[in-house]
Amino acid sequence: EAAPVKEAGAWARLPSMAGRDWAVVSVGVALTTFLCPALSNFALFLISLPAWATLGALGPMYALPLGWLLKREPVTWRAVLGAALAVAGVVPVALHES
156 EAAPVKEAGA
166 WARLPSMAGR
176 DWAVVSVGVA
186 LTTFLCPALS
196 NFALFLISLP
206 AWATLGALGP
216 MYALPLGWLL
226 KREPVTWRAV
236 LGAALAVAGV
246 VPVALHES
């Protein structure tokens, strides 16, 4: 059966969650939206740009095992290859600058 069509301008309903769950989601949104970019920009004052780029490219390397551990998402060879390519792409820059 097809999903009901919403009226133009109608808002989607928020999920029904306990207050503590909303607090956890709100903290996660605040950390991801504000604190992470702020700390990343602050790190530019403390470390070299190539080191910062290399650290920034490591995201996929820890996202794969975390996704597997926390959500049991399958880790495919394509995901591993993509993560390795992301890191490998900035490592030569970091090595050249040091």
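Using the working numbering, the first residue of the sequence shown is number 156, and each one after it goes up by one. Note that the Cβ used here is the ideal one computed from N, Cα and C, for glycine as well.
Is the beta carbon of Ala238 less than 9 Å from the beta carbon of Leu219? yes
Tell me whether the beta-carbon of Ala212 lies closer than 9 Å to the beta-carbon of Val245. Their beta carbons are under 9 Å apart, which means Ala212 touches Val245 by this criterion.
Taking only three categories from DSSP, how would you classify Pro170? coil
Ranges of the alpha helix (DSSP H) found wholly within the region 176-213, counting only runs of at least 4: 191-201 and 204-212
Would you kindly check if the distance between the Cβ of Ala241 and the Cβ of Gly214 is under 9 Å? Closer than 9 Å, so yes.
Cβ distance (whole Å) where Ala249 is taken to contact Ala208 below 8 Å: 7 Å
Best match in Thr231, Tyr217 and Trp177 for proximity to Leu225 [C-alpha to C-alpha]: Tyr217
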